[in-house]
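I have placed the structure first, in the form of C-alpha cells, so that the comments after it can refer back to it.
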Amino acid sequence: MDRQYDLIIFDWDGTLMDSVGRIVSSWQESARSLSLPVASDDAVRGIIGLSMAEAIDALIPGSDDVTRQQFRERYRDIYADPTLAPTPVFDGVEALLEELKSQGHKLAVATGKARHGLERAFAHSGLKHHFVGSRTACETASKPDPQMVLELCREQGIAPSRALMVGDAWFDLEMGRRAGSDAVGVSYGAGTEAHLQTATPKAIIHRPLELLEWV
Ligand SMILES: [Mg+2]
Numbered sequence: 013m014d015r016q017y018d019l020i021i022f023d024w025d026g027t028l029m030d031s032v033g034r035i036v037s038s039w040q041e042s043a044r045s046l047s048l049p050v051a052s053d054d055a056v057r058g059i060i061g062l063s064m065a066e067a068i069d070a071l072i073p074g075s076d077d078v079t080r081q082q083f084r085e086r087y088r089d090i091y092a093d094p095t096l097a098p099t100p101v102f103d104g105v106e107a108l109l110e111e112l113k114s115q116g117h118k119l120a121v122a123t124g125k126a127r128h129g130l131e132r133a134f135a136h137s138g139l140k141h142h143f144v145g146s147r148t149a150c151e152t153a154s155k156p157d158p159q160m161v162l163e164l165c166r167e168q169g170i171a172p173s174r175a176l177m178v179g180d181a182w183f184d185l186e187m188g189r190r191a192g193s194d195a196v197g198v199s200y201g202a203g204t205e206a207h208l209q210t211a212t213p214k215a216i217i218h219r220p221l222e223l224l225e226w227v
C-alpha cells in the first residue's frame with residue numbers, strides 16, 4: 013500500500029506515554045506545597061502539552077518570576093521523584109512504532125516538555141531509538157504555533173503536506189493544521205473527543221494501533 017506520509021510526528025504525554033494522571037497529581041501537589049492556588053483536575057488536563065511558562069500563566073495567573081521558578085523546580089522534583097515507578101507507555105505503542113518504521117515512515121516527537129524531561133522519558137521508556145528527531149517547548153514556540161512541525165519537516169527534507177501530527181490535545185492538532193499537515197487525535201489522553209473535533213482532525217483513534225488504518 014502506498015504511504016501517505018513520510019514523517020509521523022507524535023506528541024508525548026497522553027499520546028505515547030500514559031502520564032496524564034501523574035502530571036495532574038504532581039501539578040496539584042506542587043501548588044499545594046507552595047501555598048499557590050490548586051487547579052482542578054480538568055484545568056490541569058487542559059494545559060498538558062503547553063510549555064511550562066504558558067501553563068503557569070494559565071493556572072497561576074499573576075505569578076512573579078520568583079514564584080514561577082519555585083514552581084518549575086518543585087514540579088520537576090515531584091514529577092521525577094525517583095522513588096516512584098516510571099510512567100508507562102500506552103499498550104501497543106512499541107508495536108505501533110515498529111510497524112510504522114517497517115512501512116518506511118520516519119518518526120519524530122513534538123512535545124511541550126522541556127528537553128531534560130523528554131530525554132528522561134526517552135531513557136525510561138527505551139523508545140528514543142525509534143525517532144529521527146524531536147522538538148521541545150524550550151527550543152521552539154509553544155503549541156499551537158507550527159514551528160515544531162515545520163522545523164522537524166525541514167530537518168528531514170519532507171514537505172509538511174507529507175507529515176502527520178498525532179496528539180491528544182486540541183493544540184497538537186491545530187499545530188499540525190497550521191503547518192499544513194494532516195492530524196489525527198487520540199481519545200485516550202488529556203483532551204475530550206468533542207474538543208479534539210474542533211480542530212477538524214482527519215480521524216480520532218481510541219487505541220494506538222488504530223493509527224495504522226490512517227497512514
Ligand atoms: Mg499530550
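Basically the working numbering = 1-based index in the sequence shown + 12. From the three backbone atoms N, C-alpha and C, an ideal C-beta is built for every residue, glycine too. Since the structure is predicted, the reported quantities are computational estimates derived from the model, not experimental observations.
For Ala191 against Pro213, the beta-carbon gap comes to about 14 Å, at or over 8 Å, which does not count as contact. When secondary structure is reduced to three states using DSSP, Arg34 falls in the helix class. Apart from sequence neighbours up to five positions away, the residues of its chain that approach Gly104 with a beta-carbon distance below 7 Å are Arg219, Pro220 and Leu221, ordered along the chain. Asp180 sits in coil when the DSSP states are folded into three classes, being neither helix nor strand. Checking the 8 Å criterion, the Cβ of Asp77 is out of range of every heavy atom belonging to ligand 1. For Trp39, the Cβ stays outside the 8 Å cut-off from all heavy atoms of ligand 1. Contact between Arg86 and Ser37 does not hold, since their C-beta atoms are separated by about 13 Å, which reaches or exceeds 8 Å. Inside the region 165 to 213, DSSP marks whole alpha helix (DSSP H) runs of 4 or more residues at positions 182 to 191 and 205 to 209, from first to last along the chain.
Between Ala126 and Ala149, the C-beta gap is smaller than 9 Å, which places the two residues in contact. Contact annotation, Ile217 with Leu208: C-beta distance approximately 10 Å; criterion of less than 8 Å not satisfied.
Taking C-beta separations shorter than 6 Å and ignoring five residues to either side along the sequence, the partners of Ala122 in its chain run Ile21, Arg147 and Met160, following chain order. Residues lining ligand 1 by the Cβ criterion, that is a Cβ closer than 6 Å to any of its heavy atoms, are Asp23, Asp25, Gly26, Thr27, Ile60, Gly61, Gly179, Asp180, Ala181, Gly201 and Ala202 in chain order. For Ala153, same chain residues with a beta-carbon under 6 Å away, outside a window of 5 residues either side, are Gln159 in chain order. Taking a contact to require three or more Cβ pairs closer than 8 Å, the region 57 to 65 and the region 189 to 203 qualify as touching. Under the three-state reduction of DSSP, Asp69 is assigned to helix.
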